[in-house]
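Start counting the sequence shown at 1; every next residue gets the next number (UniProt numbering).
Backbone N, C-alpha and C fix where the C-beta goes; we use that ideal spot for every residue, glycine too.
Notes for the one structure printed next.
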Amino acid sequence: MKNCFCGNKQPYSRCCAPLINGVVKADSPEKLMRSRYSAYVMAASQYLYETTHSSQRGSTSKEDIEQWAKSNSWKQLEVLEATGDTVEFKAHYRSRDGKLQVHHEKSSFIFENGKWFYLDGVFGEDINK
């Protein structure tokens, strides 16, 4: 069986699927971030919405998330660093116009009510500022 989309050497069914399907909770920011990448691959907008902190949910609708996820072909996730409540990563994808793109982000997460949530991120050149 093929490895999970997130890059771990486990099948999707034993790696990110249980998180996306609500069977288990992510026990670290890195696991949540990896599962969110897999959710983009699967266009699982409900999971992406629910794992975004409530203070950030007003900026994008589930429909917008799903449309953006489906409009790209997700190729690879690189986790560059995971420390404390932050994860720096690069998500490689092919955009709708066929161009290879890299989304470079340092994400912040918050643990609230027994769960990790994506809070916000710093992108590209702003990461080292």
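Sheet register partners of residue i (DSSP bridge)
i            : result
glycine 84   : BP columns for glycine 84 are empty, so no partner.
threonine 52 : Tyr118
serine 45    : The partner list for serine 45 (beta bridge, DSSP) is empty, contrary to what the question assumes.
lysine 90    : Glu78 and His104
asparagine 3 : Pro11
serine 38    : DSSP, once it has assigned bridges, lists no residue as partnering serine 38.
Terminal residues of the alpha helix (DSSP H) in which residue i lies
i             : result
serine 13     : Where serine 13 is concerned, there is no enclosing alpha helix (DSSP H), given that its DSSP letter is neither H nor E.
isoleucine 65 : 62-70
lysine 115    : Unbroken run through lysine 115 is the beta strand (DSSP E), 115-123; no alpha helix (DSSP H).
alanine 26    : Element bounds for alanine 26: n/a, residue is neither H nor E.
Check whether residue i and residue j have beta carbons under 8 Å apart
i                : j                 : result
proline 29       : aspartate 120     : no
arginine 94      : serine 73         : yes
glutamate 105    : phenylalanine 117 : no
arginine 36      : asparagine 8      : no
phenylalanine 89 : leucine 100       : no
alanine 43       : alanine 69        : yes
Any non-hydrogen atom of the ligand ZN within 7 Å of residue i CB
i            : result
threonine 83 : Within the structure as shown, the ligand ZN is missing, as the structure has no ligands at all.
Where the beta strand (DSSP E) containing residue i begins and where it ends
i          : result
serine 107 : 100-112
Exposure label - residue i; buried when at least 16 CB within 10 Å
i                 : result
glutamate 78      : exposed
serine 45         : buried
phenylalanine 111 : exposed
leucine 19        : buried
lysine 38         : The sequence shown places serine at residue 38, not lysine. Its Cβ being crowded by 16 or more others within 10 Å, serine 38 is buried.
Residue i at chain B interface by Cβ criterion, 8 Å
i            : result
glutamate 78 : Reference to chain B is not applicable here, since this structure consists of a single protein chain.
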